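A quick write-up on the structure given underneath.
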Amino acid sequence: VQLQACGGGLVQAGGSLRLSCAASGNRFMIDKMGWYRQTPGKEREVVATINVANRPEYADSVKGRFAISRDNARITVYLQMNNLKIEDTAVYYCYAKIPFDGDFWGQGTLVTVSS
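Basically this note's numbering = 1-based index in the sequence shown + 31.
In structure tokens, the structure reads:
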């Protein structure tokens, strides 16, 4: 499975961005998809995930501000990020899980939130 993410960029605090990630390859076996993020010197942390039944889960830090969605026909996952905060600045990584196969990661996309 290959994951291609896009949508990062520079935005002012309080603004919005939308990330998208399209899967290719053995994509129809994908169960859970989602987004993680990482800042220098810190471990990668989960932001939001969504399973094949479209049930989302969110990190407490983004609840009420971010919304994850999924297009199962196109095997694409989206992350709508609203009311962005400076602490949301990070490299965001797309993630996909195939049962009994493993975890797959896309290239990171940088989100920078300025004051």
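All C-beta atoms, glycine included, are put in the ideal place defined by N, C-alpha and C.
As the structure is a prediction and not an experimental result, all values here were calculated from the model.
{"query": "Per DSSP, the bridge partner or partners of ASP134", "result": "LYS128"}
{"query": "Identity of the residues DSSP links to ASP62 by a beta bridge", "result": "Note: ASP62 sits in no beta bridge, so no partner."}
{"query": "Three-pair Cβ contact test at 8 Å for the region 96 to 104 versus the region 120 to 135", "result": "no"}
{"query": "C-beta contact flag for GLY39 and THR107 at 8 Å", "result": "no"}
{"query": "Same chain, Cβ closer than 8 Å to ILE81, five either side skipped, listed in chain order", "result": "LYS63, MET64, GLY65, PRO87, GLU88, ILE99, SER100, ARG101, VAL108"}
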